[in-house]
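Report on the following structure.
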Amino acid sequence: MPREYLSVHTLGDTIVRYPHDPVTGRVGLEMLPASLADRVVEPRESLRGEAFIDVLPGNDLWPARPVESLLQFKLVGDAYPGAFAQGHTMRNSESLGRFALAGQRVVEDEEMTVIETKLASEDGLVATHRLSWKKGDGAFVVSSGFVNDSNRPVRLEMLASFSLAGISPFHEADAPGRLKVHRFRSAWSAEGRHECRSVEELHLERSWSGAAGFSERFGQLGTMPVRRWFPFVAVEDAVPGVLWGAQLAWAGSWQMEVFRQHDDVAISGGPADREFGHWVKTLEPGESLESPAATVACVRGGLDDLCDRLTAMQDAAVNLQPEVEQDLPVVFNEWCTTWGDPSHEKLCAIADRLKDSGVRYLVIDAGWYKSADTDWSSGHGDWNPSETLFPTGLKATADAIRERGLIPGLWFEMETVGSQSVAFKLGEHFITRDGVPVTVRERRFWDLCDPVAIGYLTEKVIDLLESCGFGYLKVDYNETAGFGCDHPDSQGEGLRLQIEGTYRFFEKIRERLPELVIENCSSGGHRLEPSMMARTAMSSFSDAHELVEIPLIAANLHRLILPRQNQIWAVLHPRDSLQRIQYSLAATFLGRMCLSGDVAGLPKESWELVREMIALYEKAAPVIKYGRSRRFGEVGESWRHPQGWQAVVRMSGGQALVVVHAFANAPEEVVVPLAGEWAPVGGAPQPLDGEIRVATGGDFSGHVWLYERR
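Count along the sequence shown from 1, then add 3; that gives the number in the working numbering.
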């Protein structure tokens, strides 16, 4: 029989379908590009016809593609999934079988379409799936909710944010040899390595009968959400050139799954479940729980096209950041200048050099609170400005920076306390595990659900920023709290509440100081996920501050975050050659320019080059803000010892930006595609026949060229 659909919607250039099985009551979610609707094939309903099935006795149907539920949750007490899947996945448990379709409604206006699908149990439990689409968007926001309207407590041990199945609708069976999985690995100072593997390589071919279910479940535990993987997954059908993908907005423990039991592949994800993240949550009668949101898209094209749609969904939040941020001003951070030893005198010298240079923010990094008995790394937490480093007070330094035309910024690692602080020794108001404060690398973590801790941080962080007149806050976070903390329900639930406390404190800062510019940093790039990006103006891209691999990492992140929020460092030294300075500065055009190092000591010709590059950056800011990027080149596997070359071309409306880097053993000349009619700005090379042909300038050289549309 042909597959039944509860509803089908064309939203933008995507068809969204809700398959419905009237026998089991299950409702699924499928997507496909509207331009390929005529290439969709009817899936086989049964494995009958396969010789190894037909020899079996009985009249079993042996379904080939049953409907995969768009809601995936698990209640304690219900049977776990069969198919040899327990321990690999909690999808498709007995809980789903107890819920039936309770209705679907579509709410539309001129701007927004919201589709709500409800499942309900006989004893008053309700699960809701929400898909939202704003007119003009190329992706969808999906989330799920669970309400306990029964007369007894229930315990959830899994609640996924999204589940998308039916991959691929362009093959009647199991699409052998054509499905690929994309994801991005991450490590400290090495963020965003793309990985592409076939479903066969991942051992996700369907079993011969469908009696076994397989899952590639991955994610991370703790409070550094981008510590091993980015919360991203995509599956590609290489034959029609279609990708389905999702990005999760959650700063705590999370998981993604690529699931296969039958012909089609499903992807799902959300906060980490009981098996993966030690999470159980009790809902009393009348209580409810909402999952973190996921951004989901389906696109005809390549991986870059999919990532463009997902990252574009982050624009709305960053457009609400303070007006001072909207032209992408240049940042100077003194970390790689003083290395944890800032002072009033040193900062005034830096500000004198930066005056009228085009730099807008001067950020005081770690160490401003240290004393004779403490250091920058373990002395934080009391947040008393050093009287030795700032004898006239921190406000006097902030005022001096403003007098030179710059906005002063200040570093905090506010969510943790170091072992040398008084706060640490008191041992109170921290999250605990097994009754003991969670301690990692001489750090403890404030309990951000504890009013006493919040009151302390309000006084020490927000009041200090306000009283001293700081306009910029850098929030660092240099350890993970681990898989969980004490809570009557579970340690995973304790961690979930800690993350919600983090969000609330960021919102409290914004409430008190609406014009404050906030930078998101977590040992560099460990918090580069949408929920933290939405609460801040920009993020530190990495801790690879002085390394030759900076252009590689910076370019990787174009697929995962908006370049307008991607703060990239150029650390400058008086000993650096002009070629090295240009190499470093060129990388900052792949995001937000942040300078550091001994700028006060730079020779005249070096400083003139810096000024020229800042001026060019100001001209390029519109295309950095709203463009789309494509990457070219030939680069070896090693990032620490890069070889070859890389070019990133970013276009937006009437501008094109070309950033080229040569690494070791680079060719003397490279050819970079530049489609369209473009006029060079300044000394940029003239395009010819849709490309630019240029000399690299030797190993470890960098170039930036700007073009305007003819």
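All C-beta atoms, glycine included, are put in the ideal place defined by N, C-alpha and C.
Residues sharing a beta bridge with residue i, DSSP
i: residue 373; result: Looking at the DSSP assignment, residue 373 forms no beta bridge with any residue, so it has no partner.
i: residue 118; result: 109, 134
i: residue 653; result: 632, 660
i: residue 183; result: 201, 239
i: residue 10; result: 21
i: residue 446; result: 421, 443
i: residue 572; result: 597
i: residue 637; result: 648
i: residue 665; result: 648, 704
Proximity of residue i and residue j at Cβ, strictly below 7 Å
i: residue 439; j: residue 448; result: no
i: residue 167; j: residue 237; result: no
i: residue 331; j: residue 628; result: yes
i: residue 536; j: residue 568; result: yes
i: residue 95; j: residue 288; result: no
i: residue 495; j: residue 225; result: no
i: residue 385; j: residue 333; result: no
i: residue 416; j: residue 466; result: no
i: residue 336; j: residue 597; result: yes
i: residue 456; j: residue 298; result: no
i: residue 404; j: residue 354; result: yes
i: residue 71; j: residue 81; result: no
i: residue 22; j: residue 42; result: no
i: residue 209; j: residue 240; result: no
i: residue 509; j: residue 538; result: yes
i: residue 669; j: residue 702; result: yes
i: residue 684; j: residue 709; result: yes
i: residue 688; j: residue 697; result: yes
i: residue 707; j: residue 624; result: no
i: residue 661; j: residue 652; result: yes
i: residue 602; j: residue 575; result: yes
Limits of the unbroken beta strand (DSSP E) element including residue i
i: residue 240; result: 235 to 240
i: residue 597; result: 595 to 600
i: residue 21; result: 17 to 22
i: residue 199; result: 193 to 201
i: residue 33; result: 33 to 36
i: residue 49; result: Unbroken run through residue 49: none, as it is neither H nor E.
i: residue 694; result: 694 to 698
i: residue 218; result: 217 to 223
i: residue 704; result: 704 to 712
i: residue 159; result: 157 to 162
i: residue 166; result: 165 to 170
i: residue 723; result: Shown here, the chain extends from 4 to 713; a query on residue 723 therefore has no answer.
i: residue 143; result: 143 to 151
i: residue 476; result: 475 to 478
i: residue 691; result: Counting along the chain, residue 691 falls outside any beta strand (DSSP E), and DSSP gives it neither H nor E.
i: residue 681; result: 681 to 684
i: residue 642; result: Residue 642 -> no beta strand (DSSP E), and no H or E assigned at all.
i: residue 248; result: 245 to 251
Supposed close pair residue i, residue j - CB separation, criterion 8 Å
i: residue 381; j: residue 445; result: 5 Å
i: residue 271; j: residue 163; result: 5 Å
i: residue 88; j: residue 216; result: 4 Å
i: residue 33; j: residue 179; result: Actually they are not in contact, since the Cβ atoms of residue 33 and residue 179 sit about 20 Å apart, beyond 8 Å.
i: residue 246; j: residue 306; result: 6 Å
i: residue 130; j: residue 102; result: 6 Å
i: residue 254; j: residue 274; result: Between residue 274 and residue 254 the Cβ distance is about 10 Å, and since that is not below 8 Å, they are no contact.
i: residue 357; j: residue 365; result: 6 Å
i: residue 122; j: residue 74; result: 6 Å
i: residue 436; j: residue 487; result: 7 Å
Extent of the continuous alpha helix (DSSP H) run through residue i
i: residue 607; result: 607 to 629
i: residue 260; result: Not the alpha helix (DSSP H): residue 260 falls in the beta strand (DSSP E), residues 257 to 263.
i: residue 457; result: 454 to 460
i: residue 583; result: 581 to 591
i: residue 98; result: 97 to 100
i: residue 470; result: 467 to 471
Segments assigned alpha helix (DSSP H), at least 4 residues, entirely inside the stretch 480 to 563: 494 to 515, 533 to 537, 553 to 559
Within the stretch 271 to 337, ranges of the beta strand (DSSP E) (whole runs, at least 3 residues): 284 to 286, 291 to 293, 297 to 303, 333 to 336
Every unbroken beta strand (DSSP E) inside the stretch 355 to 436 [3 residues or more]: 362 to 367, 410 to 415, 419 to 421
Segments of 4+ residues assigned as alpha helix (DSSP H) that fall wholly inside the stretch 52 to 87: 54 to 57
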